[in-house]
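Asks:
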Amino acid sequence: MTAPCAVGAFSWTLLFVSLYCLCYAESYPQLSGDEIPHDCNKPVETQGWYACRETIQGRQRKPPFSLQHRGSLHRRQFAESIYAYETALPEHILQRGIGPPGDTSRLLKLFHKLLRGEPVSISFIGGSITEGGGVRVHERPHLSFAGKVSRWFIDTFPNSSITAHNAAVGGVTSTYFGQCIDMFVPDENVDLVLVDFTLNDRASGVLGKSPEPDTPDRRAYEVMLRKLLAFNQQPAIIALHSWSPFFNTPNFYSTTEDLIQVLVSYYGLQSVSVRNALWHPTMQRRQNYQGSQWLCDTIHPNLLGHRYYADIIVGLLQDVALQATLHPYLELEASQLDIPPPVYDNNLESASKCLRGELLQQRVYQSVGWKWVDEGKDGRHKFGYVTEEAGHEMIFVVNNTGCPDPSMEVTLGIGHLKSYERMGQALVSCISGCACHPRTIDGHNPGSLASQEFWEFVPVTQSEQCVFNVASLNETRSGQNKVKITSLLLTCMRPDTAPFTS
Numbered sequence: 130m131t132a133p134c135a136v137g138a139f140s141w142t143l144l145f146v147s148l149y150c151l152c153y154a155e156s157y158p159q160l161s162g163d164e165i166p167h168d169c170n171k172p173v174e175t176q177g178w179y180a181c182r183e184t185i186q187g188r189q190r191k192p193p194f195s196l197q198h199r200g201s202l203h204r205r206q207f208a209e210s211i212y213a214y215e216t217a218l219p220e221h222i223l224q225r226g227i228g229p230p231g232d233t234s235r236l237l238k239l240f241h242k243l244l245r246g247e248p249v250s251i252s253f254i255g256g257s258i259t260e261g262g263g264v265r266v267h268e269r270p271h272l273s274f275a276g277k278v279s280r281w282f283i284d285t286f287p288n289s290s291i292t293a294h295n296a297a298v299g300g301v302t303s304t305y306f307g308q309c310i311d312m313f314v315p316d317e318n319v320d321l322v323l324v325d326f327t328l329n330d331r332a333s334g335v336l337g338k339s340p341e342p343d344t345p346d347r348r349a350y351e352v353m354l355r356k357l358l359a360f361n362q363q364p365a366i367i368a369l370h371s372w373s374p375f376f377n378t379p380n381f382y383s384t385t386e387d388l389i390q391v392l393v394s395y396y397g398l399q400s401v402s403v404r405n406a407l408w409h410p411t412m413q414r415r416q417n418y419q420g421s422q423w424l425c426d427t428i429h430p431n432l433l434g435h436r437y438y439a440d441i442i443v444g445l446l447q448d449v450a451l452q453a454t455l456h457p458y459l460e461l462e463a464s465q466l467d468i469p470p471p472v473y474d475n476n477l478e479s480a481s482k483c484l485r486g487e488l489l490q491q492r493v494y495q496s497v498g499w500k501w502v503d504e505g506k507d508g509r510h511k512f513g514y515v516t517e518e519a520g521h522e523m524i525f526v527v528n529n530t531g532c533p534d535p536s537m538e539v540t541l542g543i544g545h546l547k548s549y550e551r552m553g554q555a556l557v558s559c560i561s562g563c564a565c566h567p568r569t570i571d572g573h574n575p576g577s578l579a580s581q582e583f584w585e586f587v588p589v590t591q592s593e594q595c596v597f598n599v600a601s602l603n604e605t606r607s608g609q610n611k612v613k614i615t616s617l618l619l620t621c622m623r624p625d626t627a628p629f630t631s
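Sequential numbering of the sequence shown, starting at 130, is according to our numbering.
As structure tokens, this is what we get:
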């Protein structure tokens, strides 16, 4: 038995940097059959951001034995091309990471398009891991997991034109992303969307508190799925459950994965789980190294980790692609594409418009003391209006009309940064054209381990010229007054029936 950790005396910032030092009540038993290959010879805490190059010898998965000796020569050859990808993870660990099959109709539809040589569009959405965090910017198209998965499609289906779009944004949860899905995934004809918010949605909670089943994040995740399912091409959707042994602690269930998987299963979608695949081998190694060789920090996979992520995703794709080669394609019945009622009461999607980047700048009428800045790093952009002092005002003008009932009150979303340090408060108030009760935005979130974007929802009347003000306040819970506004949301959600709140 090891001594319990005393973390109360540490600041949250120090805790975030030092998560690898967390103690466990019991040492994890050795599991000799669960060793995963790696090329690192020193503990992770002594390595740099890009340590652990992926120099391991890969291995090809084998098509089913029956297909190796039976079936047409063409089918056998194509099966070999499907499984030509070299995986670093052994088969039994891959199988742990591949989730329940669900209803593969949409994925089979995708692969039959590829078999016919038709063009296909793929989108990756999520946070900084999907964005390529842990891989140098210039190497991400080839060495991030999104790049590797895209390359598998291109290599396996050379007769099809593959368009891959990475729309991930670091520090964003499904609550934020779901309402702006049309902006992040502008291609209504997308055929496959890989969704990765499991770890970021966990980060928005409180350290040490188990995730709840019915929360703004869960409701937003469902709304996002429903919007994607309704796209023109009825795209296939794969949920990627990212995981970190430092962040999702201390138990196997200390993650939002199982709650999100309820939604994935309800809609018959596919999923892959990094936790399920890597928990046992990572915990085995952690006893000796106080870390794991596939992470570059407490959250982001390094090059080796991105290879593990890609291995699991490609493993799922290989298995469904093989199904497509063995069975003739049957056009889907309309009923197979119907979207069932939502899991959560009143959690229906609604029309919305997200104003971000240049669109946000165009809505600023007057600004005093606010600056348009990019706080991103490592190739990741994080634009927004920032002030560090109290008493600074910024006036916006928006048109929030166009809802079915022009007389009803609707919801205005103010996208802002929340973090565990430095953040202050701001007051949102309507000036002319529209009416609303003043609403305070508080960016201080001491229970979180990350800086993330959130919505503050304000009930407001409709107007073609709704003029409102955002003013930084003297009040602060962090001792400082930073406020960052990242976006606006115009939506027809009624405040009393809105599916989720800030």
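Glycine included, C-beta positions come from ideal geometry on N, C-alpha and C.
Thinking C-beta only, is residue 617 closer than 8 Å to residue 539?
Replies: Position 410 of the sequence shown, counting from 1, holds the residue named residue 539. Position 488 of the sequence shown, counting from 1, holds the residue named residue 617. No.
Asks: Report the option in 246, 586 and 310 whose CA atom is closest to the CA atom of residue 356.
Replies: Mapped onto the sequence shown, residue 356 falls at position 227. Checking every option, the nearest Cα to that of residue 356 belongs to 310.
Asks: What are the complete beta strand (DSSP E) segments, minimum 3 residues, inside the segment 448 to 523?
Replies: Runs found: 481 to 485, 493 to 497, 500 to 503 and 512 to 516.
Asks: Using three-state DSSP, classify residue 282 as helix, strand or coil.
Replies: Locating residue 282 in the sequence shown gives position 153, where the first residue counts as 1. Looking at residue 282 - three-state DSSP - the assignment turns out to be helix.
Asks: Could you spell out the range, first to last residue, of the beta strand (DSSP E) harbouring residue 429?
Replies: The sequence position of residue 429 within the sequence shown is 300, counting from 1. Premise fails: residue 429 is in no beta strand (DSSP E) and is neither H nor E.
Asks: Within 10 angstroms of its Cβ, does residue 391 collect 16 or more other Cβ (buried), or is it exposed?
Replies: By 1-based counting over the sequence shown, the position of residue 391 is 262. Per the 10 Å Cβ criterion, exposed.
Asks: By Cβ distance below 7 Å, which residues in the same chain neighbour residue 293 in space, the five residues on each side in sequence not counted?
Replies: Within the sequence shown, residue 293 is the residue found at index 164, counting from 1. Same-chain partners within the cutoff: 251 and 279.
Asks: Looking only at its chain, what residues have a beta carbon closer than 7 Å to the beta carbon of residue 360, apart from the 5 residues adjacent to it on each side?
Replies: Indexing the sequence shown from 1 puts residue 360 at position 231. Counting only Cβ-Cβ distances below 7 Å, and skipping sequence neighbours, we find 317 and 319.
Asks: For residue 159, count neighbouring Cβ atoms within 10 angstroms of its own Cβ and tell me buried if that reaches 16, exposed if not.
Replies: On the sequence shown, residue 159 is found 30 positions in, with the first residue counted as 1. With a pLDDT of 40 at residue 159, under the threshold of 50, the predicted position of this residue should be treated as unreliable, and no value is reported.
Asks: Taking only three categories from DSSP, how would you classify residue 191?
Replies: What you label residue 191 is simply residue 62 of the sequence shown in a count that begins at 1. It is coil, neither helix nor strand.
Asks: Can you tell me the Cα-Cα spacing of residue 571 and residue 220, whole angstroms?
Replies: If you number the sequence shown from 1, residue 571 lands on position 442. If you number the sequence shown from 1, residue 220 lands on position 91. Looking at the two C-alpha atoms, the distance is approximately 48 Å.
Asks: Just to confirm, are residue 327 and residue 394 a CB contact at a threshold of 8 Å?
Replies: In the sequence shown, the residue the question calls residue 327 occupies position 198. In the sequence shown, the residue the question calls residue 394 occupies position 265. No, these two residues do not count as a Cβ contact at 8 Å.
Asks: Could you have a look at residue 545 and say whether DSSP puts it in helix, strand or coil?
Replies: Translated into the one-based positions of the sequence shown, residue 545 becomes position 416. Residue 545 falls in the strand class under three-state DSSP.
Asks: Can you give me the Cβ contacts of residue 246 inside the same chain, cut-off strictly under 6 Å, excluding the 5 residues immediately before and after it?
Replies: Start at 1 with the first residue of the sequence shown, and residue 246 comes out as number 117. Around residue 246: 288 and 289.
Asks: Unbroken beta strand (DSSP E) runs of length 3 or more, entirely within the segment 313 to 400: which are they?
Replies: Counting only runs of 3 or more, we get 321 to 325 and 365 to 370.
Asks: Which same chain residues end up closer than 6 Å to residue 298 when comparing Cβ atoms and leaving out the 5 residues on each side of it in sequence?
Replies: Against the sequence shown, residue 298 aligns to sequence position 169. No residues qualify anywhere along the chain.
Asks: DSSP on residue 551, reduced to helix/strand/coil?
Replies: Taking the first residue of the sequence shown as position 1, residue 551 is located at position 422. Coil at residue 551, not helix or strand.
Asks: Taking residue 479 and residue 620 to be in contact with their CB atoms under 8 Å, please state how far apart those CB atoms are, rounded to whole angstroms.
Replies: Stepping through the sequence shown from its first residue, residue 479 is reached at position 350. Stepping through the sequence shown from its first residue, residue 620 is reached at position 491. About 6 Å separates the two Cβ atoms, so the contact holds.
Asks: Hey, could you find the ends of the alpha helix (DSSP H) residue 260 is sitting in?
Replies: Position 131 of the sequence shown holds residue 260. First-last of the alpha helix (DSSP H) with residue 260: 257 to 260.
Asks: Please return the same chain residues whose Cβ sits closer than 7 Å to the Cβ of residue 175, not counting the five positions on each side in sequence.
Replies: As a working note, residue 175 is residue 46 in the sequence shown. Below a pLDDT of 50, predicted positions are generally treated as unreliable, and residue 175, at 37, falls in that range; the measurement from the model is reported next regardless. Cβ within range, chain order: n/a, list empty.
Asks: What residue does the alpha helix (DSSP H) around residue 581 start on, and which one ends it?
Replies: Taking the first residue of the sequence shown as position 1, residue 581 is located at position 452. Segment 581 to 589 is the beta strand (DSSP E) holding residue 581; no alpha helix (DSSP H) there.
Asks: Using the beta-carbon count (16 or more within 10 Å), is residue 271 buried or exposed?
Replies: Taking the first residue of the sequence shown as position 1, residue 271 is located at position 142. With fewer than 16 Cβ atoms within 10 Å of its Cβ, residue 271 is classed as exposed.
Asks: Inspect the beta-carbon positions of residue 187 and residue 511 and report whether they are closer than 8 Å.
Replies: By one-based count along the sequence shown, residue 187 stands at place 58. By one-based count along the sequence shown, residue 511 stands at place 382. No.
Asks: Is DSSP giving residue 574 helix, strand or coil here?
Replies: To locate residue 574, count along the sequence shown from 1; it is residue 445. Residue 574 falls in the coil class under three-state DSSP.
Asks: My understanding is that residue 453 touches residue 267, with C-beta atoms under 8 Å, so please give their C-beta distance in whole angstroms.
Replies: By 1-based counting over the sequence shown, the position of residue 453 is 324. By 1-based counting over the sequence shown, the position of residue 267 is 138. That belief does not hold up - the Cβ atoms of residue 453 and residue 267 are roughly 35 Å apart, past 8 Å.
Asks: Buried or exposed: which applies to residue 258, given that a residue is buried once 16 or more other Cβ atoms fall within 10 Å of its Cβ?
Replies: Your numbering for residue 258 matches position 129 in the sequence shown. So residue 258 ends up on the buried side.
Asks: If I follow the unbroken alpha helix (DSSP H) through residue 304, where does it start and stop?
Replies: Position 175 of the sequence shown, counted from the start, is the residue given in the question as residue 304. It spans 303 to 308 - the alpha helix (DSSP H) in which residue 304 sits, taken as one unbroken run.
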